[in-house]
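Everything on this sheet refers to the single structure shown next.
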Amino acid sequence: MNRNVALNIILGFAMAGCTLNPQYSRPPAPIPDQWPASPAYSEATDADGELMPADLEWREFVADARLVKVIEIALASNRDLRVAALNVERVRALYDIQRAQLYPIVNATGGAVRQKASGDFTSAGQSRISKAYEVNLGAIAWEVDFFGRIRSLADQALEEFMATQQARHSTQILLVSSVAQAYFTLAASREALSLSQRTFQTQKEAFDIVSRQYDVGLATELDLRRAQTPVEIARGDIARYTQLAAEARNALVLLIGSSISEDLLSDELDQISPQTPVAAGLSSDVLLRRPDIVAAEHRLRGAYAQIGAARAAFFPRISLTSTIGAASVELSNLFASGNGAWTYGATIVMPIFDPRTWAAHRVTKVEQEIALAQYERAIQTAFREVADALAVRGTIDERVAAQQALVDALQETHRLSMVRYERGIDSYLGVLDAQRSLFDAQQGLIALRLLQRVSQNRLYAVLGGGWRPEEVQAAVR
85 MNRNVALNII LGFAMAGCTL NPQYSRPPAP IPDQWPASPA YSEATDADGE
135 LMPADLEWRE FVADARLVKV IEIALASNRD LRVAALNVER VRALYDIQRA
185 QLYPIVNATG GAVRQKASGD FTSAGQSRIS KAYEVNLGAI AWEVDFFGRI
235 RSLADQALEE FMATQQARHS TQILLVSSVA QAYFTLAASR EALSLSQRTF
285 QTQKEAFDIV SRQYDVGLAT ELDLRRAQTP VEIARGDIAR YTQLAAEARN
335 ALVLLIGSSI SEDLLSDELD QISPQTPVAA GLSSDVLLRR PDIVAAEHRL
385 RGAYAQIGAA RAAFFPRISL TSTIGAASVE LSNLFASGNG AWTYGATIVM
435 PIFDPRTWAA HRVTKVEQEI ALAQYERAIQ TAFREVADAL AVRGTIDERV
485 AAQQALVDAL QETHRLSMVR YERGIDSYLG VLDAQRSLFD AQQGLIALRL
535 LQRVSQNRLY AVLGGGWRPE EVQAAVR
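Residue numbers for the sequence shown follow the working numbering, beginning at 85 and rising by one.
Laid out in structure tokens, this is it:
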């Protein structure tokens, strides 16, 4: 068997070597198999005909053309998402570095030496000047990965890359959800501001009527001051909702990462197309598709690989060195026949006593337990987030309907109280109470309709937002 065949065999064993990683099996999820069951979830779990978030791309879910455009701008300009994408590139490069250690590093070297020897070391008549030239091509100190130490480290680096990739998609889902929520909040703030302005105008007209009555002696000063009170309150409400609308727009601009055209915004919630309804399914297993949970599982797998690398550290390390080249005392004869040179060498290091190796192994075991706890915590947190979103979804429609009925009733109450005041049956105090109650109920209705939009958006996000983990696997391959 010649040297090339032997070298190829060694290389084959090294590249196909097994690892000492513990056998991985997915831990059982520390959550119930089904979503909570109570009156709060009765409407939320009845989802016949609704799509699962994993089957619905975010553009299809959002539905509103202007909001889709706003989200597309955010995906292109948001700095947090850019950082997440750059982190993926960084970790991918680190994985490439770690995986490259499986292969020998081949270098080309050349050298020229000219030296003068001491007279004590040369014979009479012998030149004291000597020259040497050499050129070599070879692999230096290549570790043959018989016990899988390097491969385990490469596996860990790969799992970290996969986890970072999933973290990027988790950031993307969060960004889509946050932009939609900020968009809804801005529309609701503008709608509340518009309501405040209309209320102010109504109150001002009522105050003008009472003022004219006061001028001719048909109303008392008490009636006049009572009529002035809601005008000033409405004026303050206008200032407050003007501020809230400005803050909501600032929040949206920050998420987008650039300025936004006014024609992409909405002044009322009803101007925004409703989202496509989604279902949570019957089983909580859908949580295992969430990017943050998939990322936590990749890090758990990476912890198993680190244990394998720590185990391999107890076994010998074999390093090979080989060079082939030419050497001569004359540069012109460097590549002449007979001037070829080569070296082959092997080094084996057997650990006998090194407490650091045992300590490193204990560290990897603890890190594996930490990764397991973090994985389980991620699942529990996800379950709670979905359960909360389902509780809101299961009750919000009833709350909106009740609030709408309250607004209708208070509108009639306000009308009747105004009629009774104009007929002299009641004082203006009854009108003021009805006006204020109606305004508060109308603002409450806007807030609930906002919560209705946000809850649907939130449910889509906490269920994974349409991302498929297998897409990442395919991208890596």
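We put the CB at the ideal spot given by N, CA and C, even for glycine. Keep in mind the model is a prediction, meaning the values are calculated, not measured.
Residue i bridges to which residues according to DSSP?
i	result
residue 152	Residue 152 pairs with nothing; no bridge assigned.
residue 217	196, 412
residue 362	135
residue 334	Partner(s): none; residue 334 has no beta bridge.
residue 402	228, 432
residue 407	222, 427
residue 367	118
For residue i, tell me which candidate among the options has the shortest Cα-Cα distance.
i	options	result
residue 275	330, 118, 288, 227	330
residue 355	451, 112, 537	537
residue 395	426, 439, 231, 456	231
residue 173	531, 241, 435	241
residue 414	185, 105, 466, 197	197
residue 227	183, 244, 251, 310	183
residue 369	273, 477, 111	111
residue 267	436, 352, 168	352
residue 243	544, 506, 385	385
residue 508	303, 345, 277	303
residue 357	379, 364, 319, 271	271
residue 473	544, 422, 411	544
residue 522	541, 512, 493, 531	493
Can you tell me which of the three DSSP states residue i falls into?
i	result
residue 99	Any reading at residue 99 is ruled out, since the residue's pLDDT is 48, under 50, leaving its predicted position unreliable.
residue 425	strand
residue 560	No answer about residue 560 holds up, because its pLDDT of 45 lies below 50 and its placement is not dependable.
residue 89	Its pLDDT being 47, under 50, residue 89 is placed unreliably in this model, and the value from its coordinates should be taken loosely. Three-state DSSP puts residue 89 in a helix.
residue 442	helix
residue 468	helix
residue 487	helix
residue 304	coil
residue 107	coil
residue 142	helix
residue 191	strand
residue 458	helix
residue 372	helix
residue 261	helix
residue 171	helix
residue 417	helix
residue 185	coil
residue 238	helix
Flag residue i as yes when its Cβ comes closer than 7 Å to any non-hydrogen atom of the ligand GTP, and as no otherwise.
i	result
residue 438	As presented, the structure is devoid of all ligands, the ligand GTP included, so that no description of it is given.
With C-beta atoms as the reference, is residue i less than 8 Å away from residue j?
i	j	result
residue 398	residue 441	yes
residue 529	residue 491	yes
residue 263	residue 154	yes
residue 224	residue 181	no
residue 284	residue 312	no
residue 142	residue 548	no
residue 389	residue 236	yes
residue 467	residue 349	no
residue 382	residue 256	no
residue 485	residue 498	no
Report the CB separation of residue i from residue j in whole angstroms; it is logged as a contact under 8 Å.
i	j	result
residue 409	residue 221	6 Å
residue 460	residue 546	Actually they are not in contact, since the Cβ atoms of residue 460 and residue 546 sit about 17 Å apart, beyond 8 Å.
residue 475	residue 124	4 Å
residue 140	residue 360	6 Å
residue 387	residue 451	5 Å
residue 341	residue 158	6 Å
Check whether the Cβ of residue i lies closer than 8 Å to any Cβ atom in chain B.
i	result
residue 303	Absence of chain B from the displayed structure is noted, only one protein chain being present.
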